[in-house]
Amino acid sequence: MGSTGSGKSRLSIDIASHYLGEVINSDKMQIYKGLDIITNKVAETDRRGVPHHLIGEVEPDVDFTAEDFCMAATSAIERIVELGRVPIIVGGSNSFVEALVQNPSVEFKSRYEPCFIWLNVAPPVLDTYLSKRVDDMVRGGLVEEVKAVFSPNLDYNRGIYKSIGVPEMDAYLRAERMVDYIERETLLKEAIDDIKANTCKLASKQVGKIETLRNKLGWDMHQIDTTPAFEKCGEEADAAWEMLVKKPTFRIIDSFLT
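Per this note's numbering, residue 73 is the first one in the sequence shown, and the count goes up by one each step.
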């Protein structure tokens, strides 16, 4: 668990690679097909052969609810356990995880004992990283990706089109062919700034939700500070990740599994 950009996907693959696990996605936007840049899906080439479930499986305009997630995740967990492997649920949509664990009709608590790992990054460091990540997404084709699905009648309250990065582009895409270069660039910059601001707001909201699950519902959270790995670059960042994130997490899991 953790906010967007905190390193959840990377750590889940580390865990799955070490403990013969499989990843179950609990990010409500990554569940949908398409918009891979906007939703920041883990590319096949970065999954290191680890099987991923509930990622890019649902049609874009379907409303996939927490109840739908509970059914799909429970089914995936059962299949993974039957294979003698470890199910690893990862994603920023904490409402989905809460529904899975707390909903009495799912009977999760009576069947499984969860180990909660919370990756946390200091807000100023995370905000800087998220801003840079949006810039990288723009360079990687974010604008073109949204343009390919845009229509004047697009419903931003439905399915994948609720993703941060889609509604923010609306004004720019509507005016793109009707304004001059300077105004077009101004609208694009405003859209990108809005994406950055809304991503940072989402991250703060996600942390608040995790704190509620810990403090009000009594979830036993193992908190890992990933800040040092985000403050460094290149090999130093990888070394910090290994020593301060990956190894402590493995110690937690080793203790949990014994």
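Here a beta-carbon is modelled for each residue, glycine too, at the ideal position from N, C-alpha and C. Since this is a predicted model, take the numbers as computed values, not measurements.
Residue i - partner residues in DSSP beta bridges
i: Glu94; result: Pro159
i: Asp297; result: Asn192
i: Gly74; result: Leu191
i: Val130; result: Tyr104
Per-residue burial, residue i [other beta carbons within 10 Å of its own, 16 or more giving buried]
i: Thr330; result: exposed
i: Tyr113; result: Here the sequence assigns Lys to residue 113, which means Tyr is not the residue at that position. Buried, by the Cβ-count rule.
i: Met101; result: buried
i: Thr284; result: exposed
i: Gly237; result: buried
i: Glu185; result: exposed
i: Leu92; result: exposed
i: Gly290; result: exposed
i: Ile96; result: buried
i: Ile335; result: Lying outside 73 to 330, the shown extent of the chain, residue 335 is not represented and no answer is given.
i: Pro159; result: buried
Same chain only: Cβ atoms within 7 Å of residue i, ignoring 5 sequence neighbours per side
i: Gln278; result: Ser75, Thr76, Gly164, Asn166
i: Glu248; result: Arg256
i: Arg119; result: Ile85
i: Glu170; result: Leu285
C-beta atoms of residue i and residue j nearer than 9 Å
i: Leu202; j: Lys268; result: yes
i: Asp297; j: Leu274; result: no
i: Ile189; j: Ile85; result: no
i: Ser223; j: Leu107; result: no
i: His124; j: Glu94; result: yes
i: Asp99; j: Thr117; result: no
i: Ile282; j: Met73; result: yes
i: Thr321; j: Leu83; result: yes
Beta-carbon separation (whole angstroms), residue i vs residue j, contact threshold 8 Å
i: Ala148; j: Leu172; result: Going by Cβ atoms, the distance from Ala148 to Leu172 rounds to 11 Å, so no, they are not a contact pair.
i: Met146; j: Val178; result: Going by the sequence as given, residue 146 is Thr instead of Met. Indeed, because the Cβ distance is near 6 Å, the residues count as touching under 8 Å.
i: Ala129; j: Ile103; result: It should be noted that the sequence gives Glu, not Ala, for residue 129. About 6 Å separates the two Cβ atoms, so the contact holds.
i: Phe141; j: Phe180; result: Not really, about 12 Å apart at Cβ, beyond 8 Å.
i: Leu191; j: Lys80; result: 6 Å
i: Val197; j: Phe302; result: 5 Å
i: Val122; j: Ser78; result: Incorrect: roughly 19 Å between the Cβ atoms, too far for contact.
i: Met209; j: Ile109; result: 5 Å
i: Tyr244; j: Leu226; result: Not confirmed; about 13 Å, so no contact.
i: Ala220; j: Met241; result: 11 Å between Cβ atoms; not a contact.
i: Thr271; j: Val206; result: 6 Å
i: Pro195; j: Ser327; result: Actually they are not in contact, since the Cβ atoms of Pro195 and Ser327 sit about 29 Å apart, beyond 8 Å.
Chain-order list of residues whose beta-carbon lies under 6 Å from that of residue i (same chain, five-residue window excluded)
i: Met293; result: Phe188, Trp190, Arg286
i: Ile161; result: Ile96, Ser98
Own chain partners of residue i with C-beta closer than 8 Å, once the 5 adjacent residues on each side are dropped
i: Arg230; result: Asp133, Asp135
i: Tyr228; result: Lys234, Val238, Pro239, Asp242
i: Arg246; result: Pro224
i: Asp266; result: Glu240
Interface flag, residue i vs chain E, CB-CB below 9 Å
i: Trp291; result: Absent from the structure: chain E. Only one protein chain is present.
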